[in-house]
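Take a look at the structure below.
There are 2 protein chains.
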Amino acid sequence: MAGLGDREKTGDRDKTQDDAAPAEDGFGLSRDQIEAVRAALDDEEAARGAETARALVLRLHYADQADLVQSLPAEDRRALIGALKGAFDPEILPELDDYVRDEVIETLGYQDLAQALAELDSDDALYVVAQLDEAEQAAVLERLPVATRALIEQGLSLPEYSAGRLMQRELVAVPAYWSVGETLDYLRSAPRLPEDFHEIYVVDPRHRPVGQLRLSTLLRSQRSIRLRDIMDAEMPPLSTTADQGEVARLFRDRNLMSAPVIDVSGRLVGRITVDDVLDVIEEEAEDDMLRLAGVAEVDLYRAVVDTVKARASWLGVNLITAILASLVIGLFEATLQSIVALAVLMPIVASMGGNAGTQALTVAVRSLATKELTPSNAWRIIGKEFLVGILNGVVFAVLIGAIAWIWFDRPEIGLIIAAAMVINLAVAGLSGIVIPLALERMRIDPAIASAVFLTTITDVVGFFAFLGLASLFLMP
Amino acid sequence: MAGLGDREKTGDRDKTQDDAAPAEDGFGLSRDQIEAVRAALDDEEAARGAETARALVLRLHYADQADLVQSLPAEDRRALIGALKGAFDPEILPELDDYVRDEVIETLGYQDLAQALAELDSDDALYVVAQLDEAEQAAVLERLPVATRALIEQGLSLPEYSAGRLMQRELVAVPAYWSVGETLDYLRSAPRLPEDFHEIYVVDPRHRPVGQLRLSTLLRSQRSIRLRDIMDAEMPPLSTTADQGEVARLFRDRNLMSAPVIDVSGRLVGRITVDDVLDVIEEEAEDDMLRLAGVAEVDLYRAVVDTVKARASWLGVNLITAILASLVIGLFEATLQSIVALAVLMPIVASMGGNAGTQALTVAVRSLATKELTPSNAWRIIGKEFLVGILNGVVFAVLIGAIAWIWFDRPEIGLIIAAAMVINLAVAGLSGIVIPLALERMRIDPAIASAVFLTTITDVVGFFAFLGLASLFLMP
Chain A
1 MAGLGDREKT
11 GDRDKTQDDA
21 APAEDGFGLS
31 RDQIEAVRAA
41 LDDEEAARGA
51 ETARALVLRL
61 HYADQADLVQ
71 SLPAEDRRAL
81 IGALKGAFDP
91 EILPELDDYV
101 RDEVIETLGY
111 QDLAQALAEL
121 DSDDALYVVA
131 QLDEAEQAAV
141 LERLPVATRA
151 LIEQGLSLPE
161 YSAGRLMQRE
171 LVAVPAYWSV
181 GETLDYLRSA
191 PRLPEDFHEI
201 YVVDPRHRPV
211 GQLRLSTLLR
221 SQRSIRLRDI
231 MDAEMPPLST
241 TADQGEVARL
251 FRDRNLMSAP
261 VIDVSGRLVG
271 RITVDDVLDV
281 IEEEAEDDML
291 RLAGVAEVDL
301 YRAVVDTVKA
311 RASWLGVNLI
321 TAILASLVIG
331 LFEATLQSIV
341 ALAVLMPIVA
351 SMGGNAGTQA
361 LTVAVRSLAT
371 KELTPSNAWR
381 IIGKEFLVGI
391 LNGVVFAVLI
401 GAIAWIWFDR
411 PEIGLIIAAA
421 MVINLAVAGL
431 SGIVIPLALE
441 RMRIDPAIAS
451 AVFLTTITDV
461 VGFFAFLGLA
471 SLFLMP
Chain B
1 MAGLGDREKT
11 GDRDKTQDDA
21 APAEDGFGLS
31 RDQIEAVRAA
41 LDDEEAARGA
51 ETARALVLRL
61 HYADQADLVQ
71 SLPAEDRRAL
81 IGALKGAFDP
91 EILPELDDYV
101 RDEVIETLGY
111 QDLAQALAEL
121 DSDDALYVVA
131 QLDEAEQAAV
141 LERLPVATRA
151 LIEQGLSLPE
161 YSAGRLMQRE
171 LVAVPAYWSV
181 GETLDYLRSA
191 PRLPEDFHEI
201 YVVDPRHRPV
211 GQLRLSTLLR
221 SQRSIRLRDI
231 MDAEMPPLST
241 TADQGEVARL
251 FRDRNLMSAP
261 VIDVSGRLVG
271 RITVDDVLDV
281 IEEEAEDDML
291 RLAGVAEVDL
301 YRAVVDTVKA
311 RASWLGVNLI
321 TAILASLVIG
331 LFEATLQSIV
341 ALAVLMPIVA
351 SMGGNAGTQA
361 LTVAVRSLAT
371 KELTPSNAWR
381 IIGKEFLVGI
391 LNGVVFAVLI
401 GAIAWIWFDR
411 PEIGLIIAAA
421 MVINLAVAGL
431 SGIVIPLALE
441 RMRIDPAIAS
451 AVFLTTITDV
461 VGFFAFLGLA
471 SLFLMP
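Protein chains in written order, with full-length UniProt numbering: chain A, 1 to 476; chain B, 1 to 476.
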């Protein structure tokens with residue numbers, strides 16, 4: 001594997017990591033590093049062990065420290081957080097999974113947590129506080145410096161998953177009548193500017209954004225030019241209440257590097273940069289996948305009992321679906337008793353319908369999420385999926401028909417399973433696209449509810465078509 | 001819905017779009033806009049219609065133009081590309097789905113395509129050419145300017161999905177011994193610099209990157225300081241052959257804005273910026289989801305026959321799985337004939353196993369992709385999933401046991417289905433985590449193959465446990 005390779009050839013910048021071998025791809029955490037820390041924490045002489053572990057961890061990038069904290073068993077994790085006391089890097093907190101973060105915060109205590117939050121960027125601190133429950137939030141907030149506390153409380157008042165929760169408040173804004181020279185002088189000498197900024201925002205006298213300007217453009221323009229003559233006025237200002245998914249899609253579609261955020265009165269209150277959007281994009285795609293499978297989130301670190309509870313609700317719904325299918329089968333007890341071959345073959349039609357439907361469904365759910373599937377092309381895609389279902393139905397009808405005929409040496413059973421296959425795969429294709437479209441229309445998340453409806457339909461239709469046709473044509 | 005709202009309050013910057021209502025969320029394409037273009041293209045007087053359509057389209061952002069081209073039926077699409085002749089925005093090309101792009105390129109012709117490519121950034125041009133088949137590539141390449149052609153051929157020689165395919169070659173590199181003042185003067189006056197850059201790379205005499213520097217840092221430093229004293233030396237240089245997924249993970253974990261790319265000799269050859277990574281991140285998560293469902297990609301715009309073929313292979317594999325399950329059922333024909341209630345109930349155990357297994361499987365596939373699930377915590381998670389399976393097995397065993405007892409008024413059937421449920425859900429939990437781990441170990445993509453193995457196991461075990469226990473205890 002090439003990995004991120006070729007690192008060894010680029011000099012000796014990473015001497016510090018030499019004694020613990022890095023992961024095989026050259027970045028991130030290696031198993032050896034994790035084992036070294038665990039070994040240190042298991043040291044009989046606790047103080048010495050803690051000191052060694054601390055030294056091993058502190059040389060890592062904060063993202064790797066977070067990975068390490070995450071991969072340790074709960075006991076070792078507590079021991080490590082204890083060992084890091086005073087040197088705990090606040091940047092670790094936003095990187096952790098919710099369950100692990102709760103544990104870490106418990107070990108840290110509110111006082112240390114408040115101190116860590118005060119050191120973070122406004123958006124990261126807000127994110128961490130937002131994940132706490134109300135009592136914890138109150139306990140932390142009262143320990144924060146007044147200014148930080150006010151910013152976080154303001155952020156918490158905005159809707160979850162809104163642009164306001166994502167934005168950084170640190171930005172550079174200058175008036176439109178300034179010249180390039182004035183602006184450059186300001187940037188050079190102003191005492192308090194964000195540590196890192198790639199663009200400056202141009203505002204009108206009411207602090208409403210009227211344009212933005214890249215530093216590279218500013219640098220390469222003549223000093224006498226007015227900002228309003230070179231600024232980019234086409235940036236989309238986002239409202240603090242805009243949905244994060246919409247924001248992410250906009251960044252992706254327009255290839256934006258950053259966008260200003262305005263409050264209800266149109267005033268510039270923050271900026272969102274593309275790196276803030278990475279997590280949103282990944283989570284949106286991931287959430288669809290998890291919801292389709294009936295899990296709410298990646299619950300790797302969640303306790304067993306909580307996981308059982310979280311997954312049981314989905315299994316409960318599926319039990320009802322399965323019982324419904326059994327009720328349909330129950331209608332044909334007499335037929336099954338007289339031709340037991342039907343019982344042997346009947347799961348095939350239902351299972352193929354479920355699979356074909358899931359294919360159409362997954363494409364539909366994903367296309368709805370990315371807004372590729374819209375009211376303007378819905379009918380065309382519905383027609384297409386129906387046709388795809390019929391055609392694949394015919395293909396597999398011929399196959400399974402021949403197999404069933406040979407297996408039970410009864411051509412009529414082959415014909416009946418073939419007919420049922422075409423019916424069920426056509427219905428599956430149609431349901432796979434119509435169900436998510438209908439749910440979306442009713443403002444229900446298609447990723448959550450579609451799969452249940454789909455399997456109910458493909459099971460019921462699958463068993464009913466097969467056993468019904470058999471009763472009609474094979475029973476005296 | 002708040003959408004990206006509040007736009008109307010922020011001034012009158014978008015007058016140009018006023019006559020065709022924008023989409024409900026304030027950005028992107030509205031249905032009215034699409035309809036207006038379609039109406040124009042259907043105009044009886046073709047020349048006038050083309051002129052109107054062209055005017056309507058050209059005022060849109062290129063991302064919206066791409067969306068529009070995509071949502072049109074094939075005929076209208078060809079008509080529109082014809083109408084845009086000469087004013088076709090090259091930026092549209094990388095935004096299109098593969099199927100649509102192929103059509104557009106066919107309508108454009110190689111000469112116009114070559115011209116469009118020459119106007120694109122190197123990474124975008126490479127991406128478009130890489131999607132063509134070999135004959136098309138040759139036809140386009142020979143029509144390109146020599147320099148562009150060389151760059152693209154060099155890019156094509158790199159592995160697909162590598163950092164080299166993702167990087168832009170346009171960048172700013174300066175020697176480490178320069179002072180801030182020299183650098184600023186160079187940036188201000190150098191005739192050919194990239195249109196947009198957020199950081200400059202500091203290189204040694206052999207053009208190997210030794211650090212990077214944000215423009216904001218440069219601007220705020222004293223002119224006499226040497227770059228080597230203020231540059232950030234901790235940036236990770238990526239190899240051109242590094243896997244894009246790894247690159248994306250690194251950007252996400254380390255919250256990077258950009259990273260330099262080096263060739264085998266360690267020379268700086270390009271840069272990857274975080275916006276290039278957005279698509280990779282989304283596609284990685286999306287691909288897992290699609291593969292689990294047995295579709296290779298979002299095939300919304302793919303022709304019916306191609307879609308049928310692409311999906312049939314997965315359905316074929318599933319047919320084999322289903323027949324395997326039927327063979328297991330076939331072992332118990334005698335039992336089914338004497339107790340038909342078993343035929344009615346048997347799909348329940350298999351179906352619940354499939355669902356519980358899919359929950360564990362989806363979490364595992366996703367965690368493997370994000371490297372949260374690693375050899376160091378695998379055993380712990382395996383134990384957890386097994387336990388979760390047993391516990392949910394017990395919960396649903398009690399439920400279905402009671403239901404079956406009441407339904408058929410035979411307590412022994414209730415007991416048998418309950419026992420089968422515990423067995424199958426425990427096996428499902430275990431398989432859901434072990435299968436993807438084993439596949440990953442064998443370097444087979446767990447997202448592609450896991451689901452088939454899982455349903456085979458949960459079906460076979462589900463039917464075998466239920467019917468086997470019934471034969472053992474209920475048959476004379």
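In this text, a Cβ means the ideal position worked out from N, Cα and C, and glycines have one as well. These numbers were taken from a predicted model, which means no experiment stands behind them.
Practice problem: Could you pull out every residue in the same chain whose Cβ sits closer than 8 Å to the Cβ of residue 416 of chain B, ignoring the five residues on either side in sequence? | Solution: On the second sequence, position 416 is the one that residue 416 of chain B refers to. Within the same chain, Cβ atoms closer than 8 Å to the Cβ of residue 416 of chain B are found at 466, 469, 470, 473 and 474, the five residues on either side in sequence being excluded.
Quiz item: Of the choices A:55, A:121, A:346 and A:67, whose alpha-carbon is the least far from that of residue 86 of chain A?
Solution: Numbered from its first residue, the first sequence carries residue 86 of chain A at position 86. The shortest Cα separation from residue 86 of chain A among A:55, A:121, A:346 and A:67 belongs to A:55.
Quiz item: What are the start and end residues of the alpha helix (DSSP H) that includes residue 273 of chain A?
Solution: In the first sequence, counting from the first residue as 1, residue 273 of chain A sits at position 273. Per DSSP, residue 273 of chain A belongs to no alpha helix (DSSP H); it is in the beta strand (DSSP E), 268-273.
Practice problem: Taking 8 Å as the threshold, find out whether the region 349-367 of chain A comes into contact with the region 422-442 of chain B through three or more Cβ pairs. | Solution: With the cut-off at 8 Å, the region 349-367 of chain A and the region 422-442 of chain B do not touch.
Self-check item: Contacts that residue 384 of chain A makes with chain B (C-beta to C-beta distance below 8 Å)
Solution: Along the first sequence, one-based indexing puts residue 384 of chain A at 384. Under the 8 Å cutoff, chain B gives 304 and 307.
Exercise. Over the uninterrupted beta strand (DSSP E) stretch that includes residue 260 of chain A, give me the two end residues.
Key: Numbered from 1 along the first sequence, position 260 holds the residue referred to as residue 260 of chain A. Under the DSSP assignment, residue 260 of chain A falls in the beta strand (DSSP E) whose first and last residues are 258-262.
Self-check item: Any chain A beta carbon closer than 7 Å to residue 202 of chain B
Solution: Residue numbering aside, residue 202 of chain B sits at position 202 when the second sequence is read from its first letter. Interface flag for residue 202 of chain B against chain A is unset, since no Cβ pair is found closer than 7 Å.
Quiz item: Is it the case that the Cβ atoms of residue 349 of chain A and residue 452 of chain A are separated by a distance below 7 Å?
Solution: Counted from its first residue, the first sequence places residue 349 of chain A at position 349. Counted from its first residue, the first sequence places residue 452 of chain A at position 452. No. Outside cutoff.
Quiz prompt | Within chain B, partners of residue 358 of chain A - CB distance below 8 Å | solution = Here residue 358 of chain A corresponds to residue number 358 of the first sequence, with the count starting at 1. 293 and 294, listed in chain order.
Quiz item: Whose C-beta lies closer than 7 Å to the C-beta of residue 463 of chain B among residues of the same chain, with five residues either side of it excluded?
Solution: Sequence index remark: in the second sequence, residue 463 of chain B carries index 463 (1-based). Cβ neighbours of residue 463 of chain B within its own chain (closer than 7 Å, five residues either side excluded): 325, 328, 329, 346 and 350.
Quiz item: So what's residue 48 of chain A in DSSP terms, helix, strand or just coil?
Solution: Taking the first residue of the first sequence as position 1, residue 48 of chain A is located at position 48. The three-state secondary structure of residue 48 of chain A, taken from DSSP, is helix.
Quiz item: Quick one: which chain A residues come within Cβ less than 7 Å of residue 343 of chain B?
Solution: What you label residue 343 of chain B is simply residue 343 of the second sequence in a count that begins at 1. Within chain A, the C-beta atoms nearer than 7 Å to that of residue 343 of chain B come from 329, 336 and 343, in chain order.
Quiz item: Cβ atoms of residue 262 of chain A and residue 268 of chain A: under 7 Å apart, would you say?
Solution: Here residue 268 of chain A corresponds to residue number 268 of the first sequence, with the count starting at 1. Here residue 262 of chain A corresponds to residue number 262 of the first sequence, with the count starting at 1. Yes, the Cβ-Cβ distance between residue 268 of chain A and residue 262 of chain A is below 7 Å.
Exercise. Give the straight-line distance between the Cα atoms of residue 17 of chain A and residue 59 of chain A, rounded to the nearest whole angstrom.
Key: Counting from one through the first sequence, the residue named residue 17 of chain A turns up at place 17. Counting from one through the first sequence, the residue named residue 59 of chain A turns up at place 59. Caution applies to residue 17 of chain A, whose pLDDT of 37 falls short of 50 and renders its modelled position unreliable; the value that the coordinates give is listed next. Looking at the two C-alpha atoms, the distance is approximately 8 Å.
Exercise. Return the chain-ordered list of same chain residues with a C-beta closer than 8 Å to the C-beta of residue 196 of chain B, the five sequence neighbours on each side being excluded.
Key: The residue you call residue 196 of chain B lines up with position 196 of the second sequence. Result list for residue 196 of chain B: empty, nothing under 8 Å.
Exercise. Over the uninterrupted alpha helix (DSSP H) stretch that includes residue 201 of chain A, give me the two end residues.
Key: To locate residue 201 of chain A, count along the first sequence from 1; it is residue 201. First-last for residue 201 of chain A: 199-203, but that is the beta strand (DSSP E), not the alpha helix (DSSP H).
Exercise. Less than 8 Å between the CB atoms is what I'm expecting for residue 447 of chain B and residue 291 of chain B, so what's the real figure, rounded?
Key: Counting from 1 along the second sequence, the entry for residue 447 of chain B is found at position 447. Counting from 1 along the second sequence, the entry for residue 291 of chain B is found at position 291. With a Cβ gap of about 4 Å, residue 447 of chain B and residue 291 of chain B count as contacting.
Exercise. Give the residues of chain B in contact with residue 340 of chain A, contact being defined as C-beta atoms less than 7 Å apart.
Key: Numbered from its first residue, the first sequence carries residue 340 of chain A at position 340. Ordered by position in chain B, the residues that pass the 7 Å Cβ test against residue 340 of chain A are 333, 336 and 337.
Quiz item: Where are the alpha helix (DSSP H) runs, 4 residues long or more, that stay fully inside the UniProt domain "CBS" (167-230) of chain A, in chain order?
Solution: For the UniProt domain "CBS" (167-230) of chain A, whole alpha helix (DSSP H) runs of length 4 or above, ordered along the chain, are 180-189, 215-219 and 227-230.
Quiz item: Residues of chain B with a CB under 8 Å from the CB of residue 314 of chain A: which are they?
Solution: Counting from 1 along the first sequence, the entry for residue 314 of chain A is found at position 314. Against chain B, a Cβ distance below 8 Å from residue 314 of chain A picks out 355 and 359.
Practice problem: Output yes if chain A places a C-beta closer than 7 Å to the C-beta of residue 25 of chain B; else output no. | Solution: What you label residue 25 of chain B is simply residue 25 of the second sequence in a count that begins at 1. Note that residue 25 of chain B scores a pLDDT of 45, beneath 50, so its modelled location is shaky and nothing firm can be said.
Exercise. Measuring only between beta-carbons, confirm whether residue 198 of chain B sits less than 7 Å from chain A.
Key: Counted from its first residue, the second sequence places residue 198 of chain B at position 198. It does: the Cβ of residue 198 of chain B has a partner Cβ on chain A nearer than 7 Å.
Quiz item: Can you list the residues of chain B that residue 392 of chain A reaches, using a CB-CB cut of under 8 Å?
Solution: Against the first sequence, residue 392 of chain A aligns to sequence position 392. Neighbours of residue 392 of chain A on chain B, chain order: 308, 311, 312 and 315.
Quiz item: Apart from the five residues just before and just after residue 50 of chain A, which ones in its own chain have a Cβ nearer than 6 Å to its Cβ?
Solution: Numbered from 1 along the first sequence, position 50 holds the residue referred to as residue 50 of chain A. The residues are 83.
Quiz item: Straight-line CA distance for residue 282 of chain A to residue 209 of chain A?
Solution: Working through the first sequence from its first residue, we reach residue 282 of chain A at position 282. Working through the first sequence from its first residue, we reach residue 209 of chain A at position 209. Rounded to whole angstroms, residue 282 of chain A to residue 209 of chain A spans 29 Å at the Cα level.
Self-check item: residue 287 of chain B in three-state terms, based on DSSP
Solution: Within the second sequence, the letter at position 287 stands for residue 287 of chain B. For residue 287 of chain B, the secondary structure class from DSSP, reduced to helix, strand or coil, is helix.
Quiz item: At least one CB of chain A closer than 7 Å to the CB of residue 92 of chain B: is that the case?
Solution: Here the question's residue 92 of chain B lines up with position 92 in the second sequence. No, residue 92 of chain B lies away from the interface with chain A (no Cβ there is under 7 Å from its Cβ).
Quiz item: Any C-beta of chain B sitting closer than 7 Å to the C-beta of residue 176 of chain A?
Solution: Residue mapping note: residue 176 of chain A aligns to position 176 of the first sequence, counting from 1. With 7 Å as the cut-off, residue 176 of chain A does not count as an interface residue toward chain B.
Quiz item: Three or more C-beta pairs closer than 8 Å, one from the region 118-125 of chain A and one from the region 90-108 of chain A: is that the case here?
Solution: Verdict: yes, contact present.
Quiz item: What does a CB cutoff of less than 7 Å around residue 236 of chain A pick up in its chain, not counting 5 residues either side in sequence?
Solution: The count along the first sequence starts at 1 and reaches residue 236 of chain A at position 236. Setting aside the 5 residues that flank it on each side, residue 236 of chain A is surrounded in the same chain by 250 and 259, each with a C-beta closer than 7 Å to its C-beta; the list follows chain order.
Practice problem: Indicate whether at least one CB of chain B lies closer than 7 Å to the CB of residue 450 of chain A. | Solution: Locating residue 450 of chain A in the first sequence gives position 450, where the first residue counts as 1. Not an interface residue.
Practice problem: Taking residue 353 of chain A and residue 385 of chain A to be in contact with their CB atoms under 8 Å, please state how far apart those CB atoms are, rounded to whole angstroms. | Solution: On the first sequence, residue 353 of chain A is found 353 positions in, with the first residue counted as 1. On the first sequence, residue 385 of chain A is found 385 positions in, with the first residue counted as 1. Cβ atoms of residue 353 of chain A and residue 385 of chain A stay farther apart than 8 Å, at about 13 Å.
Quiz item: At a Cβ threshold of 7 Å, is residue 128 of chain A touching chain B?
Solution: Mapped onto the first sequence, residue 128 of chain A falls at position 128. With 7 Å as the cut-off, residue 128 of chain A does not count as an interface residue toward chain B.
Quiz prompt | Assigned exposure category for residue 181 of chain A - 16 Cβ within 10 Å defines buried | solution = Taking the first sequence and counting its residues from 1, one reaches residue 181 of chain A at position 181. Residue environment analysis places residue 181 of chain A among the exposed positions, since fewer than 16 neighbouring C-beta atoms fall within 10 angstroms of its C-beta.
Quiz item: Within the 7 Å Cβ cut-off, does residue 63 of chain A reach chain B?
Solution: Taking the first residue of the first sequence as position 1, residue 63 of chain A is located at position 63. Yes - at least one Cβ of chain B is within 7 Å of the one on residue 63 of chain A.
Quiz prompt | Interface partners of residue 290 of chain B on chain A, CB under 8 Å | solution = If you number the second sequence from 1, residue 290 of chain B lands on position 290. Within 8 Å Cβ-Cβ: 362, 363 and 366.
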